[in-house]
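Working notes, beginning with the structure itself.
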Amino acid sequence: MGETVNQAATSGAADSGHGVRHFDTHDADWVCLLDEKKVTAEPLVGRATDFLSKIHRASLLVEPADALSLYGVDCAPGFYIPTHHHDIDQFLLVIRGELRMGNHRFHPGHGAFMPAGNPYNVQFGRAGGCFLEFRDIPAFRTAYTIRDAPKAGPGAPTAIPGWSKPEGDKRKTVFFDAETCPATTCTGLGPGDLGRSAPEELAKALRYQALHVIPGDGYSMISVATGGALDFPRHCQDADKIIYVLSGEMRLRAGDKPLRPGAGVFVPAWTPLEISTGAVGVKYLEFRKQSGWHTDW
């Protein structure tokens with residue numbers, strides 16, 4: 005098994021076409037949507053309105069187009085994003101402030117998996133808020149409900165041309181909390197690891213939260229936590245992933261700048277890593293566009 009994966013790792017790295025890319029929400033270029041020059045996603049509305057002036061977005065990971073994507077969205081206090089849907093699946097994770105989706109109240113560490121076509125709206129609290137949007141591609145389109153579209157201003161689309169939610173897609177929006185979700189241990193690197201077991205001492209020291217690991221929809225979001233300093237032996241996996249640090253700090257390779265809360269990295273499949281954590285440990289999220297993956301040590 006290990007020999008086969010190593011051969012795939014060699015060819016995969018050569019063919020990937022994209023490398024490790026870092027991002028930091030604190031240093032990102034947060035741009036008002038009225039002033040955004042390069043937009044991969046379709047604009048939220050058809051023309052400039054006061055609605056757009058209340059939203060700032062950071063394109064944290066949007067290239068290349070065949071890799072995972074990550075946007076940051078920051079909104080003013082009390083702002084309301086009208087009921088809408090997108091044409092692709094997404095994860096949403098709150099990183100600052102407070103917001104509501106219907107009866108669900110979100111604080112930092114709270115999030116949701118929203119299948120394409122599922123409508124939702126967002127009401128921000130008195131301090132505003134900021135959330136991240138994880139998707140498997142950077143391009144997506146948006147449409148509002150007929151009732152809520154006027155709140156987004158003139159020209160707000162109420163349908164996505166050429167697209168509708170598949171009749172057989174009955175998936176529901178799933179909510180999670182990275183702070184209170186039950187934690188467990190695994191023999192591998194996470195509940196979706198289908199490959200060889202991790203070294204026993206490492207497996208015992210790690211705690212995982214399966215925030216969203218459902219084989220049927222092909223996406224996963226897990227959290228990984230250590231209680232103190234820990235070194236992960238050299239390993240690689242067969243799936244692209246985004247790592248986002250919630251607390252503590254970590255390094256992916258010796259000599260790398262440490263990743264701290266609010267920072268993260270896109271890691272292509274088959275990229276060798278030798279993770280080390282700080283003295284107080286680390287807690288981070290991993291997002292993949294598949295619910296199962298293989299780890300090679």
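Taking this note's numbering, the leading residue of the sequence shown gets 5, the next gets one more, and so forth. No residue lacks a Cβ here, since even glycine has one placed at the ideal position from N, Cα and C. All values reported here derive from a predicted model rather than from experimental measurement.
Beta carbon proximity, residue i to chain B, threshold 8 Å
i    : result
P262 : In the structure shown, chain B does not exist; there is a single protein chain.
Close Cβ partners of residue i (< 6 Å) along its chain, the five nearest in sequence each way excluded
i    : result
A156 : V49, F55, P86, Y148
Q241 : W297, T299
R211 : A187, A229
Rounded C-alpha distance that separates residue i from residue j
i    : j    : result
G282 : L234 : 8 Å
E278 : T189 : 20 Å
T299 : A207 : 13 Å
A305 : W301 : Nothing about residue 305 can be reported from this structure: the residues present for the chain run from 5 to 301 only.
F95  : S57  : 24 Å
A32  : A62  : 6 Å
G192 : R255 : 20 Å
G266 : W167 : 34 Å
Reduced DSSP category for residue i - H, G, I as helix; E, B as strand; rest coil
i    : result
G50  : Residue confidence for G50 is low, a pLDDT of 44 falling below 50, so the modelled location carries little weight; the figure read from the coordinates is stated next. Looking at G50 - three-state DSSP - the assignment turns out to be coil, as it is neither helix nor strand.
K287 : strand
P154 : helix
L56  : helix
A69  : coil
N107 : coil
G121 : coil
P86  : strand
V77  : strand
F135 : strand
I247 : strand
D140 : coil
A147 : strand
Close beta carbons around residue i, own chain, < 8 Å, minus the five adjacent residues each side
i    : result
N125 : Y84, I85, P86, T87, H88, M105, G106, D152
K176 : P119, N122
P186 : Q213
R257 : L277, E278
* To do: Take every Cβ of the stretch 115-122, pair it with every Cβ of the stretch 211-229, and state whether three or more of those distances are shorter than 8 Å.
  => The stretch 115-122 is in contact with the stretch 211-229.
* To do: Kindly provide the ranges of any beta strand (DSSP E) runs that are 3 or more residues long and lie completely inside the stretch 194-239, ordered along the chain.
  => 210-218, 223-230
* If you pair each beta-carbon of the stretch 229-248 with each one of the stretch 264-282, do three or more pairs fall below 8 Å? -> Yes: the two stretches touch, three or more of their Cβ pairs being nearer than 8 Å.
* **At least three beta-carbon pairs within less than 8 Å, the stretch 123-142 to the stretch 201-208** => no
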